[in-house]
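Participant:
Residue numbers (the working numbering): 1 to 240.
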């Protein structure tokens with residue numbers, strides 16, 4: 001009888017596949033520039049490969065640990081607190097590309113907003129574990145559960161990094177839904193977010209330009225719409 005593959009086994013396999021595809025994309029997108037700047041088309045590929053191996057090792061270690069260790073309040077709130085401090089600290093550092101997103105130290109770079117994603121998952125899983133029967137309780141369950149997300153969203157939007165902020169909001173919605181929150185409440189939250197989301201997109205020039213270029217790439221064929229048009233050409237001439 002064939003041995004059943006565990007959920008962790010499937011997750012590990014899918015992760016390796018995604019990492020491989022990512023490496024191919026990095027090499028495809030950076031080979032020419034790397035050759036011009038550094039004399040080797042493999043510079044960015046090698047750099048990405050090093051971090052990919054480090055990430056896979058960290059993933060294997062995390063898979064071997066008992067997840068119940070993460071449930072300790074000291075662990076949960078330490079991760080939450082450190083992430084908050086890092087999100088605040090970027091505003092006291094020099095801007096990079098007119099944003100406050102990165103912490104640079106020597107040859108190491110860290111984007112704190114990426115840490116917000118696992119931090120939210122950890123906190124929400126810990127907080128909602130014993131509250132799944134009271135998901136409709138706004139005062140004792142929903143508001144305390146969503147509060148860290150609101151703080152993180154505010155700090156991330158100010159960087160500004162709207163894409164990561166939306167990802168964090170989606171993560172929170174998914175965890176709340178998995179914990180048993182009625183979908184109508186998620187609908188209320190989505191409706192409430194439409195107006196600020198519209199303001200954040202269409203009242204910021206570069207975001208508005210991206211949306212308009214996506215809807216009509218030929219309106220700016222040599223600028224915002226260039227890559228979209230090239231993608232369409234590649235599909236049309238590739239036999240797909």
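Each residue gets a CB set at the ideal place from its N, CA and C atoms; glycine is no exception.
(1) What are the uninterrupted segments assigned as beta strand (DSSP E) that are 3 or more residues long and contained completely in the segment 57 to 130, given in chain order?
(2) Can you tell me which of the three DSSP states residue 135 falls into?
(3) To the nearest angstrom, how far is it from the Cα of residue 177 to the Cα of residue 186?
(4) Whole angstroms is fine: what's the gap from residue 128's alpha carbon to residue 142's?
(5) In chain order, what residues of the same chain lie with their CB nearer than 7 angstroms to the CB of residue 140, ignoring the 5 residues before and after it?
(6) Could you check whether residue 69 and residue 161 sit closer than 8 angstroms to each other, using their CB atoms as the reference points?
(7) For residue 19, which of helix, strand or coil comes out of DSSP?
(8) What are the start and end residues of the alpha helix (DSSP H) that includes residue 210?
(9) State the DSSP-derived secondary structure class of residue 47, mapped to helix, strand or coil.
(10) From the DSSP output, in three-state form, read off residue 40 for me.
(11) Do residue 61 and residue 125 count as a contact pair if the criterion is CB distance below 8 angstroms?
(12) Give me the Cβ distance between residue 23 and residue 45, rounded to the nearest whole Å; I'm assuming they're in contact under 8 angstroms.
(13) Please report the distance separating the alpha-carbon of residue 235 from that of residue 117.
(14) Looking at the unbroken alpha helix (DSSP H) that takes in residue 236, where does it start and where does it end?
(15) Whose C-beta lies closer than 7 angstroms to the C-beta of residue 115 among residues of the same chain, with five residues either side of it excluded?
(16) One question on the structure: do residue 120 and residue 77 come within less than 8 angstroms of each other, judged by their Cβ atoms?
(17) Under the rule that 16 or more other beta-carbon atoms within 10 Å means buried, what is residue 173, buried or exposed?
(18) Can you grab the Cα-Cα spacing for the pair residue 183 / residue 221, in whole Å?
(19) Taking the straight line between their C-alpha atoms, what separation do you get for residue 224 and residue 71?
(20) Starting from the C-beta of residue 213, find all residues in its chain whose C-beta is less than 8 angstroms away, skip the five residues before and the five after it, and write them out in chain order.
(21) For residue 181, which of helix, strand or coil comes out of DSSP?
(22) Taking only three categories from DSSP, how would you classify residue 221?
(23) Residue 230 to residue 215, Cα distance in whole Å?
(24) Leaving aside the five residues before and after residue 26 along the sequence, list all residues of the same chain whose C-beta is less than 8 angstroms from its C-beta, in chain order.
(25) Looking at the secondary structure, which residues open and close the alpha helix (DSSP H) in which residue 149 lies?
Facilitator: Taking the structure as given:
(1) 103 to 105 and 108 to 110
(2) coil
(3) 8 angstroms
(4) 9 angstroms
(5) 134
(6) no
(7) helix
(8) 205 to 215
(9) helix
(10) coil
(11) no
(12) 7 angstroms
(13) 34 angstroms
(14) 226 to 237
(15) 83 and 86
(16) no
(17) buried
(18) 41 angstroms
(19) 46 angstroms
(20) 219, 220, 223, 224, 225 and 228
(21) coil
(22) coil
(23) 15 angstroms
(24) 44, 45 and 48
(25) 143 to 158
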